[in-house]
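K.L.:
Take a look at the following structure, please.
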């Protein structure tokens, strides 16, 4: 259908889980970095 776009859970992209896992890994690494900086280690 022209002019209709989809994103997120309503798509059928087979590699969506890889992107989600990458984002979650980025969040975890930023949290670890913040913890190290704040704890002075």
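Numbering (my numbering), first residue to last: 23 to 63.
Every residue gets a Cβ at the ideal spot worked out from N, C-alpha and C, and that includes glycine.
Values in this document were obtained by computation on a predicted structure and should not be read as measured data.
(1) Tell me the DSSP secondary structure of residue 44 in three-state form.
(2) My output table needs one value for residue 54: the three-state DSSP class, helix, strand or coil.
(3) Hey, how far is the Cα of residue 32 from the Cα of residue 53?
P.N.:
Reading from the atomic positions:
(1) helix
(2) helix
(3) 29 Å
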